[in-house]
Structure formats: C-alpha cells, structure tokens
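The listed protein sequences derive, respectively, from chains A and B. Converting from the first sequence to the working numbering requires adding 1 to each position, the first position being numbered 1. Converting from the second sequence to the working numbering requires adding 149 to each position, the first position being numbered 1. Think of the CB as a built atom: it goes at the ideal place given N, C-alpha and C, for glycine as much as any other residue.
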Amino acid sequence: MKLRDDVVDKNMRILVVDDFSTMRRIVRNLLVDLGFSSTLIQEADDGNTALSLLHSRPFDLVITDWNMPAMSGIELLRSIREGEKTRSLPVLMVTAENNRAQIIAAAEAGVNGFVVKPFSTATLEDKISRIFERLALSESGA
Amino acid sequence: MNGEFHLAIDEGLPQQLRDLLDSADGPAFEQALDAMVQQRERRLFRLLGRLARDLHDALRRLGAELSNDDVAHVAADARQHLQDVLEISAQAAHRSLDFAERMRPDADALVEHANAVLERAVAGDPAVALARRALEFGLATRAALADMVLAQSWQDLSGQRIRKVGAFIASVESPLLELVRLTGRLAGEETPGRAAQMSSQADVDRLLAEFGS
Numbered sequence: 002m003k004l005r006d007d008v009v010d011k012n013m014r015i016l017v018v019d020d021f022s023t024m025r026r027i028v029r030n031l032l033v034d035l036g037f038s039s040t041l042i043q044e045a046d047d048g049n050t051a052l053s054l055l056h057s058r059p060f061d062l063v064i065t066d067w068n069m070p071a072m073s074g075i076e077l078l079r080s081i082r083e084g085e086k087t088r089s090l091p092v093l094m095v096t097a098e099n100n101r102a103q104i105i106a107a108a109e110a111g112v113n114g115f116v117v118k119p120f121s122t123a124t125l126e127d128k129i130s131r132i133f134e135r136l137a138l139s140e141s142g143a
Numbered sequence: 150m151n152g153e154f155h156l157a158i159d160e161g162l163p164q165q166l167r168d169l170l171d172s173a174d175g176p177a178f179e180q181a182l183d184a185m186v187q188q189r190e191r192r193l194f195r196l197l198g199r200l201a202r203d204l205h206d207a208l209r210r211l212g213a214e215l216s217n218d219d220v221a222h223v224a225a226d227a228r229q230h231l232q233d234v235l236e237i238s239a240q241a242a243h244r245s246l247d248f249a250e251r252m253r254p255d256a257d258a259l260v261e262h263a264n265a266v267l268e269r270a271v272a273g274d275p276a277v278a279l280a281r282r283a284l285e286f287g288l289a290t291r292a293a294l295a296d297m298v299l300a301q302s303w304q305d306l307s308g309q310r311i312r313k314v315g316a317f318i319a320s321v322e323s324p325l326l327e328l329v330r331l332t333g334r335l336a337g338e339e340t341p342g343r344a345a346q347m348s349s350q351a352d353v354d355r356l357l358a359e360f361g362s
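What follows is the structure, given as structure tokens:
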C-alpha cells in the first residue's frame with residue numbers, strides 16, 4: 002500500500018527507538034526514501050530515553066524496536082498508552098522475531114502496526130500507510 | 150514361624166541360606182548371614198569407591214583445564230571478544246551507511262540532470278542516448294544504494310544474537326567459578342585449579358579407604 006498524501010503527512014514528527022545505532026540509521030534512511038523529512042526524525046536508544054523525548058515534545062509516530070535493554074518496546078508501548086498526552090500516539094513495533102506471543106502481547110497493549118526485521122522500504126511504506134489509513138477511517142467514522 | 154511365612158522365605162532365598170534356615174544350628178545361621186551381608190557391603194563400597202574416584206578424576210580434570218587460563222578471565226575475555234565483534238561490526242555497517250548516504254545525493258542529481266536533458270532534447274540530439282544511459286544508471290545506483298542500506302540490517306540481527314550469547318556466558322560464569330572452587334576444596338587447596346593439580350593419589354586413596362575401598 003502506497004503512502005497517500007491526503008492521509009500521510011510527510012512532515013510528520015517521527016521518533017525512531019532502537020538500541021542499535023545502525024538500525025536507527027537504516028530506518029531513518031528508509032523514511033527519507035519514502036519522502037519524510039530527515040530533520041523531523043528523532044532517535045532514542047531505549048524506552049526510557051524515548052519516554053523523556055515524548056514528554057518533552059510532540060510526535061506523530063513512534064517506530065520502536067521490541068528487544069531493548071532497560072525498557073523494552075512493549076514496556077514503552079504500555080507507558081505510551083498510559084500517558085495522558087501520548088495514549089493516542091500511533092506506534093509501529095519492530096521485532097527480529099516473528100513470535101506469535103509477541104504479536105498478541107503487542108496487539109493487547111494497543112500497537113498500531115507490527116513489522117518483522119529485516120524489512121524493505123515497501124514494507125515500511127505499507128505498514129505506515131495502513132496505520133494512518135485506519136486512523137483516518139476511524140476519525141471520519143467518529 | 151508360621152507355614153505361610155516359611156514358604157515365602159524358602160522361595161526367595163539362595164539354597165545355602167535355605168539349608169541354614171532348615172537347620173537347628175542358630176549360631177551357624179547367624180554367622181552365614183553376617184558373611185553374606187559383609188560380602189554385599191564390600192561390593193557396594195567398591196562401587197561407591199569407583200564412583201567417588203571417577204567423580205574426583207572428572208572434577209580434577211575440569212579444575213586443571215579451567216585453571217590453565219583462570220576461568221574468571223576466560224569468561225570475561227569471551228564476553229569482551231563478543232563486545233569487540235559487536236563494535237567492529239557496527240563500525241563496518243556504519244561505514245557502508247556512510248558510503249550509501251554520500252553517494253545517494255549524487256545518484257539523485259544524475260537522475261535529475263538526465264531527466265532535464267531528456268526534457269529539453271530535440272529529435273536527433275546525440276545527447277539523448279547518453280542522457281538515457283545516465284538516467285538508467287542513476288536509477289539503478291539509487292536502487293542499489295537502498296539495497297545496501299537495507300543489507301546492513303545484518304548487524305542488528307547478528308548483534309542481538311551476540312548479546313544473547315554474552316548474557317548466557319554471564320549467567321554460567323558464576324556457577325562455573327563455584328565449580329572450580331569446589332574442585333579446589335576437594336583437593337584440599339584454596340586456589341581452585343592449582344589445588345586440583347596438586348592433589349595426590351594418596352589423598353584419593355585415603356578418601357576412598359573411608360568408603361571401604
């Protein structure tokens with residue numbers, strides 16, 4: 002599914018969370034390839050740092066790895082859903098394992114999308130498109 | 150002794166014992182019974198002694214092998230080696246990403262310029278063929294650079310597994326050290342590996358003698 006300009010704002014503020022700097026950089030590159038503004042992409046190397054950033058400035062999308070030290074992706078997701086300001090923030094979960102239990106846990110915690118590493122630009126585009134298409138549908142339905 | 154019990158004993162015991170049970174010589178019966186019990190005990194102690202000897206030998210070998218490099222340092226070195234691999238692989242992946250990010254604007258510019266030439270070119274212009282080739286090359290390069298960026302995911306995927314191995318080493322490090330200390334104590338020395346090597350056959354034999362071997 003391609004990104005639709007009327008649904009996905011290419012100037013959205015995106016937070017990329019991963020403990021591996023290479024992966025953060027890869028995701029950043031993919032996002033830039035998709036037309037997102039590099040200057041609006043922020044990075045965090047674990048859940049705690051991500052939460053601090055989320056509380057200090059507004060974001061439109063969080064792309065987070067699952068497996069991180071200190072605070073994992075699922076813990077970050079739960080914290081986001083508990084936060085008054087962050088509870089409706091779209092979260093795309095990234096994981097190295099195609100694990101059914103993880104997918105269920107993430108769904109129960111309120112994840113918006115789930116992508117398994119390694120993934121292509123087209124896959125990332127599809128996941129982001131689906132997230133914002135669904136959000137647009139639910140907003141128009143409301 | 151009732152008849153039912155007498156029958157059960159007769160069927161389950163050796164002929165020698167059955168003969169003694171049937172005889173009226175009480176002291177001879179007790180003497181034979183003691184001899185049989187002692188015989189069984191000796192066999193049990195021999196087995197126990199062999200087991201103790203094998204266990205001691207295994208622990209001594211383990212202690213000697215681990216002591217050669219000092220298990221604490223070996224485990225720490227192993228974890229450090231894994232950390233080195235993580236850092237070196239991350240550096241290599243970042244170098245590839247540097248290259249891709251440096252070349253990407255050039256590829257974009259080539260595509261843009263080639264398109265501009267093609268838009269302005271008139272029929273029969275010899276620059277058209279070159280611009281088309283440049284456009285194809287620019288697009289192919291852009292795609293290849295994107296693939297190269299994606300390919301660096303290996304560092305993250307392998308790195309996560311390396312971290313798991315590091316965590317496993319850290320988890321077995323402490324029990325392993327305790328095992329080496331145990332081998333040292335069994336050999337009667339405080340220093341783990343060295344003590345195991347210093348243990349003598351006499352110590353072993355003395356220990357085994359306590360078991361009747």
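- Straight-line measurement puts the Cα of Leu35 of chain A at about 16 angstroms from the Cα of Ala293 of chain B.
- Residue pairing by DSSP places Val117 of chain A opposite A:Thr96 in a beta bridge.
- The CB of Arg26 of chain A comes closer than 9 angstroms to the CB of Ala242, His243, Leu246, Glu250, Val298 and Gln301 in chain B, given here in chain order.
- Contact check for Leu259 of chain B and Phe286 of chain B: beta-carbon distance about 7 angstroms, within the 8 angstroms limit, so the pair qualifies.
- Going by DSSP, Glu44 of chain A is part of no alpha helix (DSSP H) but of the beta strand (DSSP E) stretching over Ile42 to Ala45.
- Taking every protein chain shown into account, the CB of Phe317 of chain B has fewer than 16 other CB atoms within 10 angstroms, so this residue is exposed.
- Each of A:Glu109, A:Asn99, A:Gly111 and A:Ser121 was checked against the Cα of Met2 of chain A, and the nearest Cα belongs to A:Ser121.
- Distance from the CA of Ile105 of chain A to the CA of His230 of chain B, rounded to the nearest whole angstrom, comes to 36 angstroms.
- With a cut-off of 8 angstroms on Cβ pairs, the region 37-51 of chain A is in contact with the region 71-81 of chain A, counting three or more such pairs.
- Put simply, the backbone Cα of Asp19 of chain A is about 28 angstroms away from that of Asp257 of chain B.
- The CB of Leu306 of chain B comes closer than 8 angstroms to the CB of Ala97, Lys118 and Pro119 in chain A, given here in chain order.
- In the structure shown, Val17 of chain A adopts extended strand secondary structure according to DSSP, grouped into three states.
- Taking the Cα positions, Ser307 of chain B is about 13 angstroms away from Asp233 of chain B.
- Contact annotation, Lys118 of chain A with Ser302 of chain B: C-beta distance approximately 6 angstroms; criterion of less than 8 angstroms satisfied.
- Taking a Cβ-Cβ cut-off of 7 angstroms, Ala258 of chain B has no neighbours in chain A, whose nearest Cβ is about 16 angstroms from it.
- Taking all protein chains in view, the Cβ of Val321 of chain B is surrounded by fewer than 16 other Cβ atoms within 10 Å, so the residue is classified as exposed.
- With fewer than 16 neighbouring CB atoms inside 10 Å of its own CB, Lys11 of chain A falls in the exposed class.
- For the region 104-133 of chain A, the residues whose beta carbon sits under 7 angstroms from a beta carbon of chain B are, in order, Lys118, Pro119, Ser121 and Thr122.
- When rounded, the separation of the alpha-carbon atoms in Leu90 of chain A and Asn100 of chain A is 24 angstroms.
- Between Leu62 of chain A and Leu93 of chain A, the gap from beta carbon to beta carbon is short of 8 angstroms.
- As the crow flies, the alpha-carbon of Ala123 of chain A is around 10 angstroms from that of Ser130 of chain A.
- According to the DSSP assignment, Asp171 of chain B belongs to no beta strand (DSSP E) but to the alpha helix (DSSP H) extending over Gln164 to Asp171.
- Boundaries of the beta strand (DSSP E) around Thr65 of chain A: Leu62 to Asp66.
- Residues Ala276, Val277 and Ala280 of the same chain have their beta carbon placed closer than 8 angstroms to that of Ala270 of chain B, with the five preceding and five following residues left out of the count.
- Taking Ala221 of chain B as the centre and dropping the five residues before and after it, the same chain places the C-beta of Leu326 closer than 7 angstroms to its C-beta, in chain order.
- With its beta carbon at least 8 angstroms from every one in chain B, Phe60 of chain A lies outside the interface.
- Judged by DSSP in its simplified three-state form, Pro176 of chain B adopts helix.
- Cα atoms of Arg330 of chain B and Glu236 of chain B: separation of roughly 33 angstroms, rounded to the nearest angstrom.
- At least 8 angstroms separates the CB of Ser39 of chain A from every CB of chain B.
- Among the CB atoms of chain B, none fall inside 8 angstroms of the CB of Ser73 of chain A.
- Nearest Cα to Val112 of chain A within the set A:Ser57, A:Glu126 and A:Glu83: A:Glu83.
- Collapsing the DSSP output to three states places Glu83 of chain A in a helix.
- Against chain A, the beta carbon of Ala295 of chain B has neighbours under 7 angstroms at Asp34 and Thr122, listed in chain order.
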